[in-house]
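First up is the structure itself, then whatever we jot down about it.
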Amino acid sequence: MPRRIVSGIQGVGHRVIDSIWRLGYASRFFLLTLLKSGTSLRRFGLVIRELYFTGVLSLIIIVVSGLFVGMVLGLQGYETLQRYGAESAVGTMVALSLLRELGPVVAALLFASRAGSAITAEIGLMKATEQLAAMEMMAVDPIARVVAPRFWAGVISMPLLAALFSAVGIFGGYLVAVVLIGVDEGSFWSQMQGAVDFHYDIVNGVIKTFVFGIAVTAIAVFEGYDASPTAEGVSGATTRTVVTSALAILGLDFVLTSFMFRGMG
Amino acid sequence: MAHELIEIKDLHFSYGDRAILKGINMTMSRGKVIAIMGGSGSGKTTLLRLIGGAVRPSSGYVKVAGKVVHDLKRDELFQMRRKMSMLFQFGALFTDLSVFDNVAFQMREHTDLPESMIRDLVLMKLEAVGLRGAQDLMPAALSGGMARRVALARSIALDPLLIMYDEPFTGLDPISLTVIGNLIRRLTDALGMTSIVVTHDVQESLKIVDHVYFVADGVIAAYGTPDEVRGSVAPFVHQFVHGEEDGPVSFHYPANAYANDLKLEGRFA
Amino acid sequence: MQRTTMDLWVGLFIMAGIGALLVLALKVGNLGTYSAGDSYTLVGNFENIGGLKVRAPVKSAGVVVGRVTDIQLSTETFDALVIMSIDSRYKFPKDTFASILTSGLIGEQYIGLAAGGDEAVLKSGDKIMKTNSALVLEEMIGRFLFDKASERKEDGNADSD
Numbered sequence: 001m002p003r004r005i006v007s008g009i010q011g012v013g014h015r016v017i018d019s020i021w022r023l024g025y026a027s028r029f030f031l032l033t034l035l036k037s038g039t040s041l042r043r044f045g046l047v048i049r050e051l052y053f054t055g056v057l058s059l060i061i062i063v064v065s066g067l068f069v070g071m072v073l074g075l076q077g078y079e080t081l082q083r084y085g086a087e088s089a090v091g092t093m094v095a096l097s098l099l100r101e102l103g104p105v106v107a108a109l110l111f112a113s114r115a116g117s118a119i120t121a122e123i124g125l126m127k128a129t130e131q132l133a134a135m136e137m138m139a140v141d142p143i144a145r146v147v148a149p150r151f152w153a154g155v156i157s158m159p160l161l162a163a164l165f166s167a168v169g170i171f172g173g174y175l176v177a178v179v180l181i182g183v184d185e186g187s188f189w190s191q192m193q194g195a196v197d198f199h200y201d202i203v204n205g206v207i208k209t210f211v212f213g214i215a216v217t218a219i220a221v222f223e224g225y226d227a228s229p230t231a232e233g234v235s236g237a238t239t240r241t242v243v244t245s246a247l248a249i250l251g252l253d254f255v256l257t258s259f260m261f262r263g264m265g
Numbered sequence: 001m002a003h004e005l006i007e008i009k010d011l012h013f014s015y016g017d018r019a020i021l022k023g024i025n026m027t028m029s030r031g032k033v034i035a036i037m038g039g040s041g042s043g044k045t046t047l048l049r050l051i052g053g054a055v056r057p058s059s060g061y062v063k064v065a066g067k068v069v070h071d072l073k074r075d076e077l078f079q080m081r082r083k084m085s086m087l088f089q090f091g092a093l094f095t096d097l098s099v100f101d102n103v104a105f106q107m108r109e110h111t112d113l114p115e116s117m118i119r120d121l122v123l124m125k126l127e128a129v130g131l132r133g134a135q136d137l138m139p140a141a142l143s144g145g146m147a148r149r150v151a152l153a154r155s156i157a158l159d160p161l162l163i164m165y166d167e168p169f170t171g172l173d174p175i176s177l178t179v180i181g182n183l184i185r186r187l188t189d190a191l192g193m194t195s196i197v198v199t200h201d202v203q204e205s206l207k208i209v210d211h212v213y214f215v216a217d218g219v220i221a222a223y224g225t226p227d228e229v230r231g232s233v234a235p236f237v238h239q240f241v242h243g244e245e246d247g248p249v250s251f252h253y254p255a256n257a258y259a260n261d262l263k264l265e266g267r268f269a
Numbered sequence: 001m002q003r004t005t006m007d008l009w010v011g012l013f014i015m016a017g018i019g020a021l022l023v024l025a026l027k028v029g030n031l032g033t034y035s036a037g038d039s040y041t042l043v044g045n046f047e048n049i050g051g052l053k054v055r056a057p058v059k060s061a062g063v064v065v066g067r068v069t070d071i072q073l074s075t076e077t078f079d080a081l082v083i084m085s086i087d088s089r090y091k092f093p094k095d096t097f098a099s100i101l102t103s104g105l106i107g108e109q110y111i112g113l114a115a116g117g118d119e120a121v122l123k124s125g126d127k128i129m130k131t132n133s134a135l136v137l138e139e140m141i142g143r144f145l146f147d148k149a150s151e152r153k154e155d156g157n158a159d160s161d
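Residue numbers (the UniProt record's numbering), protein chains in the order written: chain A, 1 to 265; chain B, 1 to 269; chain C, 1 to 161.
Next up, the structure:
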């Protein structure tokens, strides 16, 4: 029995040491990516190509989800607010929910599962088929040539996608509240404009999306680069990207929110 | 010694506690095709990785063109790698680039040549492997043999001094096999480079190489020209060349006595 | 995928994203209607600001003319110092009356400016002399009870006469 306890404790210790080691490895990899970003900036064509795959190909899921989330917010917001006779505030509710929380968070979650997993799978497969090793043998650094352009494309795409998500979501809320239910159009917009502050709500939301974009793409490229070069390795890495990104997004969101929206508004 | 491109001296390498190479000595001169043969897991690919500077030896050294590989700094190593290339087992073509862009890859990364000159060079390299017509295809659309040929065109893109081939014959049909074999020989002669072929395809490689090294248990077990190898009476070489099941390389992995493992001992006593 | 088509799509994507940001800033946010560029500052002392917060609107006749930018406690007089940023299109007379009001029964608090009749107008950094504090519910109830109690006492005195 004591032996089992000891081995249990050893297991915990082993896991803790392992994950700390991995965290350090990931941080070092992240720093290397930043240091070796010169190539991507000099040859911006590399980043543009990746912008197509991470940004443009994520557009459909982002726009459609944004529309539906906005419509649901409009409907639920109306349901609740009309009990207090405040249905004209539905625009405010939709806009603030989207700009502060739902836009950045949901867009980042969708981005992680659409683009993040694709980045991991692509880099992992390049590793499994020895493409990264071949590049290394050709005296081309895979971090500069493969990892950094994908990283920067993700960092650029994320805020734009989240802005689109929020804009389309607000339009969805408008469709439901004003066009379908018949809330007064003037008060919908004016109450929204009265309540939404550019610096406080919009800029803070954009800062969030930047942080999420860095987190998701950093996780995605690291998992791909670190994947064991087999089919199981790559599929495991893809799953880890989505799970780790989701946890990182939600955790970071709490931290950022507590710093940004403290006791005001 | 100036004509010796590669000099390997008392090379040891181990993964953790497991010793892979235990004192390898080799010299390879310019313009030759050299085969390194040995059973699976005998450390042949590791030897290539050591020559390319991808891993560090535990002791001993590899000298390429007079420089000790593991003493080079990263940019010096990268500088040296521009003069060598490696053909990976399944080609390792960049799946997101077309055949043309794959061959042009190193030219675009390492030179400032104008695009029109790159185009001419790429077409020349593709012509050399007979695939000029396939320049617009993506790697996914190529057969195994074609992919291997494109990879070959890519590896001669910058006219290297040395090409290393990691199992170039694996998984090819007999026609493609002959095509690749002859290409290796022809390109080596035409470009005056050195080729190191790691393989266990004995018959095909004996047709094209100048020298053969046999690696077994981390040391060079035998060495010679193809004719010497064919006529060799050394038991290991004989077993390997003729593909016999049992010999110095035993069919059985070292094990306890069979009866002990089956716990038969004393049962009938 | 042709390189030029890819460039086109990426260009469209970037433009759409930046467009969305602009729409959010101008149509949804208050950047279009009110910006800090063309504004001037007014200061008001209030005995009690109640629940007034930074960023609360400043209205005159129901029109938003500015926002509260800062709230401090004056260490000399121990009353609240409210700094407002007012759109420079709107000028107010010297004897303007500022009071803290509540929109609706449970709505947010804002500052209402009621213009007086003075010829001279308030300039940037000027202090609004006439202010009216927030109505704090607890104080109102307290005052009401006190008034009631003293009324009854007076009534009692009258009876005993």
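C-beta atoms are modelled at their ideal positions from N, C-alpha and C, and glycine is treated no differently.
B/S14 is bridged by DSSP to B/A19. Residue environment for B/I180: buried (at least 16 other C-beta atoms within 10 angstroms of its C-beta). Under DSSP, the beta-bridge partners assigned to B/H211 are B/I34. Beyond the five residues adjoining it in sequence on each side, A/M260 comes within less than 6 Å, by CB distance, of N204 in the same chain, given in chain order. Non-local beta-carbon contacts of B/S85 in its own chain, meaning distances under 7 Å to residues more than five positions away in sequence, involve S155, P160, I163 in chain order.
Taking 8 Å as the cut-off, the beta carbon of A/F151 is found closer than this to the beta carbon of A/V221. Annotated three-state conformation of A/I181 is helix, per DSSP. Between A/T241 and B/L48, the alpha-carbon positions lie close to 33 Å from each other.
Residue-level contact check: A/A134 touches chain B, since one or more beta carbons of chain B fall below 8 Å from its beta carbon. Here DSSP, grouped into helix, strand and coil, assigns C/L113 to strand. Scanning chain A for C-beta atoms nearer than 8 Å to the C-beta of B/E167 yields nothing, as the closest lies near 11 Å away.
Under DSSP, B/Y165 takes part in a beta bridge, and its partners are B/L87, B/V197. Look at B/V233 here: in three-state DSSP terms it is coil, with no helix or strand label.
The residue from A/V255, A/L252, A/D253, A/G55 with its alpha-carbon nearest to that of A/P149 is A/G55.
With respect to the C-alpha of B/H242, the residue from B/H252, B/F251, B/V229, B/Y253 having the closest C-alpha is B/V229. The C-alpha of A/G224 is placed about 7 Å away from the C-alpha of A/E122. In this structure, the CA atom of A/G172 is about 18 Å from the CA atom of A/T80. Boundaries around C/R67 are those of the beta strand (DSSP E), 63-73, since no alpha helix (DSSP H) includes it.
When DSSP states are grouped into helix, strand and coil, C/F97 belongs to the strand group. C-alpha of C/D79 to C-alpha of C/I49: approximately 9 Å in a straight line.
Annotation: C/P93 has no Cβ neighbours in chain A at a cutoff of 7 Å; minimum Cβ distance is about 26 Å. Within chain A, no C-beta atom comes less than 8 Å from the C-beta of C/A80; the nearest is roughly 17 Å away. By the Cβ criterion, the stretch 50-61 of chain B is not in contact with the stretch 93-105 of chain B, since fewer than three pairs of Cβ atoms, one from each stretch, lie closer than 8 Å. Three or more Cβ pairs closer than 8 Å define a contact, and the stretch 40-58 of chain C falls short of that threshold against the stretch 81-100 of chain A. Of the candidates B/K125, B/R30, B/G43, B/G38, B/G43 places its Cα closest to the Cα of B/A19.
Within the stretch 85-121 of chain A, the runs of alpha helix (DSSP H) that reach at least 4 residues and sit entirely inside it are, in chain order, 90-96, 103-111.
Spanning the alpha carbons of A/I119 and B/S116 requires a straight line of approximately 33 Å. For chain A, the residues of the UniProt domain "Mce/MlaD" (39-116) of chain C that bring a beta carbon within less than 8 Å of one of its beta carbons are K53, V54, R55, P57, V64, in chain order.
Fully enclosed alpha helix (DSSP H) runs of no fewer than 4 residues occupy 38-42 of the stretch 10-46 of chain A, in order along the chain. Residue pairing for B/I220: DSSP places it in a beta bridge opposite B/V215.
Shown in chain order are the members of the stretch 187-206 of chain A whose Cβ falls below 8 Å from a Cβ of chain C: W189, M192, Q193, G194, V196, D197, F198, Y200, D201, I202, V206. With fewer than 16 neighbouring CB atoms inside 10 Å of its own CB, A/V243 falls in the exposed class. With the criterion set as a beta carbon lying under 8 Å from some beta carbon of chain A, the members of the stretch 35-58 of chain B are G52, A54, in sequence order. Taking the Cβ atoms as the reference, B/K125 lies roughly 4 Å from B/A153, within the contact range of under 8 Å. Comparing alpha-carbon positions, the option among B/D246, B/G231, B/A255, B/I220 lying closest to B/M37 turns out to be B/I220. In the DSSP assignment, A/G173 falls outside any beta strand (DSSP E) and within the unbroken alpha helix (DSSP H) covering 148-174.
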